[in-house]
Structure formats: structure tokens, C-alpha cells
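With my numbering as the guide, the letters of the sequence shown map in order to residues 6 to 314.
Note that the Cβ used here is the ideal one computed from N, Cα and C, for glycine as well.
Step one of this worksheet: look at the structure below.
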Amino acid sequence: MQEKLKGIFPSLPTPFFEGGEIDFESLKNVVDFAVEKGVQGLTVCDYGSEFVKFTDDERRAVVETVLSHTAGRVPVIVGVSAMSPMLAVQWAVHAQEHGAAAVLFGLPYLSGYAWDEVVELGLKPMDAALHIPIMLLDAPERGVGIGVGQQMQVIGLLKNVRYVKTETATLQAAITSILDAAKKLPSGSFDGVSTGENGYDMIHDYRRGARLFSPGVHLCDLSVALWNALEAGDEARAKELQYAVSPVYLIERLYPLDMEKSILRRRGVIAHTTLRSTGRPQFDERNERDLDRTLASLKKKLAHTGKGA
């Protein structure tokens, strides 16, 4: 039986060349960087990866590259959200065939499937086809929310639906609602709650019962240190780390992908900070200068606390 997934499973961004093509060597560097920093696992093709801007061939290549290059060093969760539940099943089977440890399923985006259709056309055949866990994605602000009642329905019905990842403005309340509802499920049918939101508030999420986190990869060494402090019961150390990095997160809330790639470039992990068109203003020189100042302050704080970055 597979061990429960827990710890830091950062979301991997997709590096692009300046012309917009995927930079697969930089993607491999991101995998190596995360593993070397001590993460417990990886997450690929969730919304932070820009997968909705991939061709099918690109998506297939990204998943296969990450899984083959990780080579079993850590477990990998693969996002399988798609325009239809039937396509999600195909992506889930593909992920399993190439070595995924679990799949992350979100509602079909930009399409109007009813919940019953999602279950009958997507989750039931996916469950039948897989022997790895399925994690449900609840992200209402993205238009792909799955209510607690719906979550419990399929967890109780399908043997491989084992986790819920929640990304919402009311994160701590959502964690409590999910875990309270899960107490009514048959024993052993639910393995836990994961949170996204880039790990902005891991301390409070942990206190509520979350044990799997998907922050950005750019500061994953700090996320790992924070996780280790929480697991050790060292609340003072956890607060020290969380508060030290908070100013970076304040900028990141406005420019999440720009920030992540900018920091990864600074750390020598990726070659370019290119994003595929977002339809909004991106990082400019003033943002970069603000980030320089914020990172300089972070380094001083971490030097003082004994944790370099």
C-alpha cells in the first residue's frame, strides 16, 4: 500500500525561451533544484505551470520530461484537469503509465458539465483505470470549485479518490470543513488535505490539519525548513521563517509567475523569465528593483536566524 503523501510538493513552473518555446533543459534544472533542496515531492501541470497554454504535444512532453528526469527520486503529482472529463481520464492514464505517484483532478474549465456528468464521464472511469491516488482540486476563485458535499460523495464512492487540494480565499475554514466532513467517511478512505496558494500561510494551514503543501519552487528550501520546524513542533522557528519570507509573498500575490521565474533566474536555475501571454502587465524594471531590495532584506533576516538562501 502506498504511503500517504505529505510534506512539500512544490508546483513546477514551465520555463520558456524568449521566443515562447518550452526550455526543457531548464525544466530539468528546476526538478534537480527542488530535489536537492529536500522537497518531499513535486507537482506538475497544475495551474501554476501555465499548462492551459500548452499544445497537447507540449503537455505530454512536459509530463514525460519531469517524470523521467525525476526518476523516482521523489513522488510526482500530475495535474490532469482538461476541457472535458473524458480528456482528464486520458491524461490520468498517461500520467500513471509514465510513473506518476498521484493525479490532481479539477473540474473541466471553460465548459459547462454538470457535477453528475463529471462523476459519470470522468471520475468513475478514471478511478477504474488507475491504481494510484486521485486528488480533487477545489479552487472556486478559478471557477473550478468542488463543494465539500461533492468531495465526500466521491471519496466515499470511489476507492482511489484519497485527497483534496483546496485553494480558496477562506483556506483555513475550508481545511476544517473538509476534515470535519471526512470524519463521517469509512475509516481509511481519506488520506488528507493539501493546500496551494503558494504556501503563504503554512503555519495556520498546518494547525488546521493540512499536511501536504504546494508552494512555489523558487523558495522551496525555505518551505522545507518551515515544514521540518512544524513537524518537529518548533513553533518559534516556524514563525521566524514564515515572517522572514512574508514580504516576498506580498509582492508575489500580485505577480506570482513573474516572481517565481525571476527568483529562479537569480538563483541560476532557469535561463529566462518568459511567460506565455497573460493579458495583464508583467514585471518591469521597477518591480525587479523592488524584488532586489526585498530579497536583500530576506537574506539578512535568514543570516540572522541561521538559515541561508
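If you measure between the beta carbons of residue i and residue j, is that distance less than 8 Å?
i, j, result
"Gly127", "Met91", "yes"
"Phe195", "Gly204", "no"
"Pro80", "Leu10", "yes"
"Tyr302", "Phe288", "According to the sequence shown, residue 302 is Ser rather than Tyr. In this structure, Phe288 does not lie closer than 8 Å to Ser302 by Cβ."
"Arg216", "Gln177", "no"
"Val44", "Val229", "yes"
"Ala249", "Lys306", "yes"
What do you get for residue i, buried or exposed, if any count of 16 or more other CB atoms within 10 angstroms of its CB means buried?
i, result
"Gly221", "buried"
"Glu23", "exposed"
"Pro191", "exposed"
"His136", "exposed"
"Leu255", "exposed"
"Arg294", "exposed"
"Arg258", "exposed"
"Gln7", "exposed"
"Met88", "exposed"
"Glu202", "buried"
"Leu121", "The sequence shown places Asp at residue 121, rather than the Leu named in the question. Asp121 comes out exposed."
"Thr175", "exposed"
"Ala39", "buried"
"Asp185", "exposed"
"Asp226", "buried"
"Phe21", "buried"
Considering residue i, what are the terminal residues of the beta strand (DSSP E) in which it resides?
i, result
"Lys188", "From DSSP, Lys188 is part of no beta strand (DSSP E); its letter is neither H nor E."
"Thr278", "That residue, Thr278, is in no beta strand (DSSP E); it is neither H nor E in DSSP."
"Leu109", "107-110"
"Leu217", "217-220"
"Ile139", "139-143"
"Thr48", "47-49"
Can you tell which of the options has its C-alpha closest to the C-alpha of residue i?
i, options, result
"Tyr52", "Arg64, Gly43, Lys42, Gly46", "Arg64"
"Ile151", "Ser86, Gly111, Arg258, Met88", "Gly111"
"Ser116", "Ser86, Ala105, Trp96", "Ser86"
"Lys58", "Gly25, Lys42, Val71, Glu290", "Gly25"
"Asn165", "Glu146, Glu172, Ala134, Thr173", "Ala134"
"Arg167", "Ala187, Ile139, Ala174, Ile183", "Ile139"
"Ile160", "Leu231, Leu142, Glu146, Gly148", "Leu142"
"Val169", "Leu162, Ala144, Lys189", "Ala144"
"Leu163", "Glu125, Tyr118, Arg147, Ala93", "Glu125"
"Ile180", "Lys189, Val153, Gly193", "Val153"
For the alpha helix (DSSP H) that contains residue i, what are its first and last residues?
i, result
"Lys266", "261-271"
"Arg242", "240-257"
"Phe29", "29-41"
"Val83", "Not the alpha helix (DSSP H): Val83 falls in the beta strand (DSSP E), residues 81-84."
If contacts are defined as beta-carbon pairs under 8 Å, then residue i and residue j qualify, I think. What distance do you get, rounded to the angstrom?
i, j, result
"Ala237", "Leu246", "About 12 Å separates the two Cβ atoms, so there is no contact after all."
"Asp28", "His277", "7 Å"
"Val68", "His99", "7 Å"
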